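Working notes for the structure below.
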Amino acid sequence: MSTVTHDPITLEIIQNSLQATADEMFAAMRKTAMSSIIYEVLDMGTGITDARGQLASSGAGIPGFIGVLDKSVKVLLKKFSKPGGIEPGDVFITNDPYYGGVTHLNDLVVAMPVFVDGKIIAWTANIAHNSDVGGKSPGSLSADATEIFQEGLRLPAIKMISRGEAIPGIFDIITVNSRMPDFLEGDLWAAIASVRIGAKRLAELAEKYTVATFQAAMDSFMDHGEKIALAELGKLPHGTFELTEEQDDGRFFNVKVTISADEFVIDLRDNPEQDTGPSNACYDDTLVSMQVIFKALTDPASPANEGSFRPLKVLTKEGTCFHAREPAAVGFYYEIGIRGYDLVWRCLAPHMPEKLPAGHFSSIAGTFIGGIHPDTGRQYTIIEPQIGGWGASAGRDGNSAIFSGVHGETYNCPAEISEARNGLFVDRMELNVEPGGEGKWSGGHGIRLDYRIRRDNSFLTLGYTRSRILPWSLDGANEGSANYALVMRKDGSSERYAFASGIRVDTDDVIRVITGAGGGIGNPRERDPKLVAEDIRNGFITPERAREVYGYSA
Amino acid sequence: MSTKTIRVATDVGGTFTDLVCFEMDHATGQSRITTAKSDTTPPNFEQGVLNVLEKGGVDPKTIDFLAHGTTVVINALTERKGVKVGLITTEGFRDSLEIARGNRPDFFNLHYEKPAPFVPRYLRRELPGRFNYHGEEMKPLDLSGLRDILDAFRADGVEAIAVCFLHSYANPSHEQATIAGIKRLWPEIAAVASHQITREWREYERTNTAVMSAYVQPTAERYLSRLNDGLAAKGFDGNLFIMQSNCGVDSLDSVKKIPITMVESGPASGFWGAAELGKLIGEKNVLALDIGGTTAKCSLNHDYFCGGSVTADMPATEKALKAVGEKLGVSADEVARGIVRIANNNMVNALKLVSLNRGFDPRDFTLVAFGGGGAMHAVALGVELGVKKVVIPAGAAVFSAWGMMMSDLRRDYFVTKLAELTPGSAAAIETLFGETEALALQQFNEEGVDRAKVTFLRYGKFRYQNQEHTTEVLIEGGITDARLAGIETAFHETYEREYTYRLDAPVELVGIHLVASAEVGKLKMQERPLGPASASAALKGVRSVDYALEGIHKAEIYNGEKLEPGMAFAGPAVIEDPGTTIVVHPGNHVEVDGFGNIHIHLKA
Numbered sequence: 191m192s193t194v195t196h197d198p199i200t201l202e203i204i205q206n207s208l209q210a211t212a213d214e215m216f217a218a219m220r221k222t223a224m225s226s227i228i229y230e231v232l233d234m235g236t237g238i239t240d241a242r243g244q245l246a247s248s249g250a251g252i253p254g255f256i257g258v259l260d261k262s263v264k265v266l267l268k269k270f271s272k273p274g275g276i277e278p279g280d281v282f283i284t285n286d287p288y289y290g291g292v293t294h295l296n297d298l299v300v301a302m303p304v305f306v307d308g309k310i311i312a313w314t315a316n317i318a319h320n321s322d323v324g325g326k327s328p329g330s331l332s333a334d335a336t337e338i339f340q341e342g343l344r345l346p347a348i349k350m351i352s353r354g355e356a357i358p359g360i361f362d363i364i365t366v367n368s369r370m371p372d373f374l375e376g377d378l379w380a381a382i383a384s385v386r387i388g389a390k391r392l393a394e395l396a397e398k399y400t401v402a403t404f405q406a407a408m409d410s411f412m413d414h415g416e417k418i419a420l421a422e423l424g425k426l427p428h429g430t431f432e433l434t435e436e437q438d439d440g441r442f443f444n445v446k447v448t449i450s451a452d453e454f455v456i457d458l459r460d461n462p463e464q465d466t467g468p469s470n471a472c473y474d475d476t477l478v479s480m481q482v483i484f485k486a487l488t489d490p491a492s493p494a495n496e497g498s499f500r501p502l503k504v505l506t507k508e509g510t511c512f513h514a515r516e517p518a519a520v521g522f523y524y525e526i527g528i529r530g531y532d533l534v535w536r537c538l539a540p541h542m543p544e545k546l547p548a549g550h551f552s553s554i555a556g557t558f559i560g561g562i563h564p565d566t567g568r569q570y571t572i573i574e575p576q577i578g579g580w581g582a583s584a585g586r587d588g589n590s591a592i593f594s595g596v597h598g599e600t601y602n603c604p605a606e607i608s609e610a611r612n613g614l615f616v617d618r619m620e621l622n623v624e625p626g627g628e629g630k631w632s633g634g635h636g637i638r639l640d641y642r643i644r645r646d647n648s649f650l651t652l653g654y655t656r657s658r659i660l661p662w663s664l665d666g667a668n669e670g671s672a673n674y675a676l677v678m679r680k681d682g683s684s685e686r687y688a689f690a691s692g693i694r695v696d697t698d699d700v701i702r703v704i705t706g707a708g709g710g711i712g713n714p715r716e717r718d719p720k721l722v723a724e725d726i727r728n729g730f731i732t733p734e735r736a737r738e739v740y741g742y743s744a
Numbered sequence: 148m149s150t151k152t153i154r155v156a157t158d159v160g161g162t163f164t165d166l167v168c169f170e171m172d173h174a175t176g177q178s179r180i181t182t183a184k185s186d187t188t189p190p191n192f193e194q195g196v197l198n199v200l201e202k203g204g205v206d207p208k209t210i211d212f213l214a215h216g217t218t219v220v221i222n223a224l225t226e227r228k229g230v231k232v233g234l235i236t237t238e239g240f241r242d243s244l245e246i247a248r249g250n251r252p253d254f255f256n257l258h259y260e261k262p263a264p265f266v267p268r269y270l271r272r273e274l275p276g277r278f279n280y281h282g283e284e285m286k287p288l289d290l291s292g293l294r295d296i297l298d299a300f301r302a303d304g305v306e307a308i309a310v311c312f313l314h315s316y317a318n319p320s321h322e323q324a325t326i327a328g329i330k331r332l333w334p335e336i337a338a339v340a341s342h343q344i345t346r347e348w349r350e351y352e353r354t355n356t357a358v359m360s361a362y363v364q365p366t367a368e369r370y371l372s373r374l375n376d377g378l379a380a381k382g383f384d385g386n387l388f389i390m391q392s393n394c395g396v397d398s399l400d401s402v403k404k405i406p407i408t409m410v411e412s413g414p415a416s417g418f419w420g421a422a423e424l425g426k427l428i429g430e431k432n433v434l435a436l437d438i439g440g441t442t443a444k445c446s447l448n449h450d451y452f453c454g455g456s457v458t459a460d461m462p463a464t465e466k467a468l469k470a471v472g473e474k475l476g477v478s479a480d481e482v483a484r485g486i487v488r489i490a491n492n493n494m495v496n497a498l499k500l501v502s503l504n505r506g507f508d509p510r511d512f513t514l515v516a517f518g519g520g521g522a523m524h525a526v527a528l529g530v531e532l533g534v535k536k537v538v539i540p541a542g543a544a545v546f547s548a549w550g551m552m553m554s555d556l557r558r559d560y561f562v563t564k565l566a567e568l569t570p571g572s573a574a575a576i577e578t579l580f581g582e583t584e585a586l587a588l589q590q591f592n593e594e595g596v597d598r599a600k601v602t603f604l605r606y607g608k609f610r611y612q613n614q615e616h617t618t619e620v621l622i623e624g625g626i627t628d629a630r631l632a633g634i635e636t637a638f639h640e641t642y643e644r645e646y647t648y649r650l651d652a653p654v655e656l657v658g659i660h661l662v663a664s665a666e667v668g669k670l671k672m673q674e675r676p677l678g679p680a681s682a683s684a685a686l687k688g689v690r691s692v693d694y695a696l697e698g699i700h701k702a703e704i705y706n707g708e709k710l711e712p713g714m715a716f717a718g719p720a721v722i723e724d725p726g727t728t729i730v731v732h733p734g735n736h737v738e739v740d741g742f743g744n745i746h747i748h749l750k751a
């Protein structure tokens, strides 16, 4: 069965097998990882690129990670372009956004070339958030970092395994720089197992169907992705749309979106100077955020590849927060990413209501809690994105308690596991019923999550946006509610935070995480009284407030 | 005393209710197999069972052993046709069920709709009381509010109650006390606690499982009672066993309490049947493939144990196909070939997921294919996977029912408990197994099962320290400190086979999985001697068959019912059997064994 054939059935079979391989890489990594941010939360992604580093297929996980891996591979190809630079059995690593790492230093990208008959035919790669890569603060992220050197060990697209053998010293350098070396080493091997399993599978596939057919399949899949995207572009309203939006910190972000039959241009050039702190994104990451919203608008149903994104152009200006210049700190890049993503969504929502719901809680709401486990005496670090309320869709209330738009097939951490792993108590994990998001169709609810600390001298770091500027509504509905955290001290005092690092917390202090409701759609007075009665019965709203907001009386 | 033993299995599927009856005459040693099919009869499914017995000419009075599998539970769940459930849970956690895990599987879709919880918020109530993860009580259970909760449930028309408290996997006493309180205050209500189903951690999953069990409990209980009554009315006084998702059968009374355990009973019995068949014909490593009308499922049975299973997504296959067809504008024949190739490829990917991808080489396996559509695809799939032999069991179309008769009374016990594999820790692990075995023996004893018939399989769930997911390792015999090193080595080996590497890190036990089985009169197959007859006696004719990749060939058509032990022939051929069609490819060699199974040797 090794005749050269480009018949469409064979190409389809190869594409299905690529997807199965990316999924298998994902499963292997998940089952072997040591950090709960990887195995439980699944803050990770896997992917396959063609020989030139163009995205061919991606595994489950986070949409915000899908467009990362191809960019890393392209940097590796350029850096190791000399003959013999890339050999069979090699495995590469990068985490530095100024060297193909795209996001921030915690995210290790591991990539492996796939060789058949001495030539590269594809790459397998993955990315995952690692618990600690050094830097000035535990967990490596620090709200007061001013340059990338403070955010951990920089791995500028290097080879770590050469022809199947670990390069002496590299693993030592990586692990000695971490506060949690066992975890880092375990997670790194999980990533290596994943790219190796994927590479083996792809080599078998290309040998079976011939390299030429294998490559033709990837090309045709990408062309197909482009065709679908262009077809959808034709159906969107054409023209230029603009929005300027105030941010929690008082700055204003601007976007201009120009849609035509063959291009979707997002212009982010008119934006503030890069931040002196860590709220900056590199160009590649801004591009990824724009790819996520572009895919949601053009073809949400099928997996993404290079072709899906061909009609997209993203314009930025170097030195701004959407295109940071080295050595700007980038630890909280993801809050900038999601602000850009939400900015485009909000800009276009009034013009395409059937495609876009009202605003959601729209923050990663990254929460980092660490200290010494009171039962084991070992260091623990919670690293978790939060779930929150989504905006209403036309004709339907928004979802409660799911991950933000740039997260996806990710999972929250069960209280039972968190208590055992992290040595603290989870006193409650419930829906947040604070007012907000009421409309003819209402936004979904966020959560209220209480962590009670069991040992003195623990820490909290967090970075939430949409804490002051609330999730936006449409057509006269109420805005959603805020994302924030309270530190409720044992002595009864309490502090409110949205962006802070290294807050000391002690025994019996409670960290209360609050995420907001999504925005509503339509005048609340038009809400079906039956739905209001259900809201009251379910304890989501008091009868008094129902009267006030909806004009409801039983 | 009867000179015959009659064993019957009935399987209620979505469309048909299947019957297999094995009749063994002790005087002559002769056995007789009857199969029958009749329509499934919703909502009174038991009627279909009585109908199929009548159609098959089986008198319920004469049945010694009756095994029963049903899709009643899975259907009630997928169609959301269960009862109104009330949930009682730990203070601060009534929303766990609605929060679920927060994931968005359809992640580019901004209109994704999260599934509604099975219990609305006003029927989710809390009680004070708390354990820590060691199972130590931090706050006593306060049942003073229970009466009010139950009054409210009654007023709201609740028909079943689920109870799930935090850390009940480590200490179920609060759940037990609450169930006792419910029984005292409202004796007739159906109630189930999470620890009765599983003692594993993750509160959302445990809560949801308890809720789903409660949701189907009245339906399942009514159904099982009516089935029992209907059979009794016709004079049945043998033993009725219900097929479980874990490949075993369980007693009627036990299943009524936690009916969720039969949710996947149909596929499980087929896979178990394949493993048992493997034993019978001396095939140690079996890949099982079950293809029905709309879904395909497969499983790996390594060393006779029922492995994991996956379901190939047939609608996705068809969707992919439609796209291809539109893109191409090719002839109908080519599209049809494409259908077979893509369907096969999807199934190959699924089969690889349970074999190759877990470090097993399919070339060491025999593919056993059954279900209405299994035999059609089996050889093509076998070639793709590189297996040397494909076996189509006798009665492939009703093989799931056959599997039930090969099943033991089986219960699985999962208990989460952390332990390090350091000297001095063996005693605690041995105690945990010992206590769980004692519990199993007590349950079997209450049902009158002889202690001597009970066997145990002990699995440890291990991982490297700091990992979460575990790898199961079979532990034979008692656990002592001296044996810990050997157990650890077995873990390293299993782990490396599956994940390509091993770590020099401490290994820990996360919990145990105990399988308790009792033989309750399962079928023993009689092998017939191989005869000298030529297969030509079964030959019906010759027809052109399109083998997709191998082109069009003149194939011999055989009548499956006329094939006898010892007959042999070569492909290309087609065997037509009631309910299934077996496609034999050019170059294959076919043999019929003493049990009537068809062995297809693939060309090397």
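Chains as they are written, first to last, in the numbering used here: chain A, 191 to 744; chain B, 148 to 751. Cβ coordinates follow ideal geometry from the N, Cα and C atoms, glycine included. Here the structure is a predicted model, which is why all the values come from computation and not from measurement.
Contact set for residue i: own chain, Cβ-Cβ below 6 Å, skip 5 residues either direction
i      : result
B:D724 : G707
A:L477 : V504
B:G688 : I704
A:V304 : I311, A312, A389, L392, A393
Contact under 8 Å by Cβ, residue i with residue j
i      : j      : result
A:V447 : A:L505 : no
A:N470 : A:Y523 : yes
A:I204 : A:L395 : yes
A:P719 : A:I726 : no
B:A337 : B:Y280 : no
B:F212 : B:G377 : no
Contact set for residue i: own chain, Cβ-Cβ below 7 Å, skip 5 residues either direction
i      : result
B:G625 : E577
B:E711 : G678, A680, V739
A:L208 : I238, A246, S247
A:H196 : T403, A406
B:D450 : Confidence is the limiting factor: at B:D450 the pLDDT is only 38, short of 50, which leaves the residue's position unreliable, though a coordinate-based value still follows. Around B:D450: K431.
Candidates the options, of which the one nearest residue i by Cα
i      : options                        : result
B:L166 : B:T217, B:D298, B:A702, B:T175 : B:T217
A:Y531 : B:G282, B:V339, B:F255, B:K228 : B:F255
B:T647 : A:S262, A:G354, A:G235, A:S743 : A:G354
B:E193 : B:I246, B:S372, B:E306, B:I210 : B:S372
A:E609 : B:R271, B:A682, B:L313         : B:L313
B:A544 : B:D206, B:G726, B:T617         : B:G726
Own chain partners of residue i with C-beta closer than 8 Å, once the 5 adjacent residues on each side are dropped
i      : result
A:L201 : T403, A406, A407, S410, F411
Practice item. Can you give me, in chain order, the residues of the segment 337-361 of chain A that have a beta carbon less than 8 Å from any beta carbon in chain B? Key: none
Check your understanding: Taking any Cβ of chain A, which residues in the segment 226-240 of chain B have a Cβ under 8 Å from it, in chain order?
Key -> E238, G239, F240
Point to revise | Chain-ordered residues of the segment 241-256 of chain B with a beta carbon less than 8 Å from chain A | key: R241, D242, S243, E245, I246, A247, R248, G249, N250, R251, P252, D253, F254, F255, N256
**Study point:** Contained beta strand (DSSP E) runs [length at least 3] in the segment 434-501 of chain A, N- to C-terminal order
**Key:** 442-449, 454-457
Point to revise | Runs of beta strand (DSSP E) lying entirely within the segment 632-702 of chain A, each at least 3 residues, in chain order | key: 637-642, 648-653, 674-678, 684-687, 689-695
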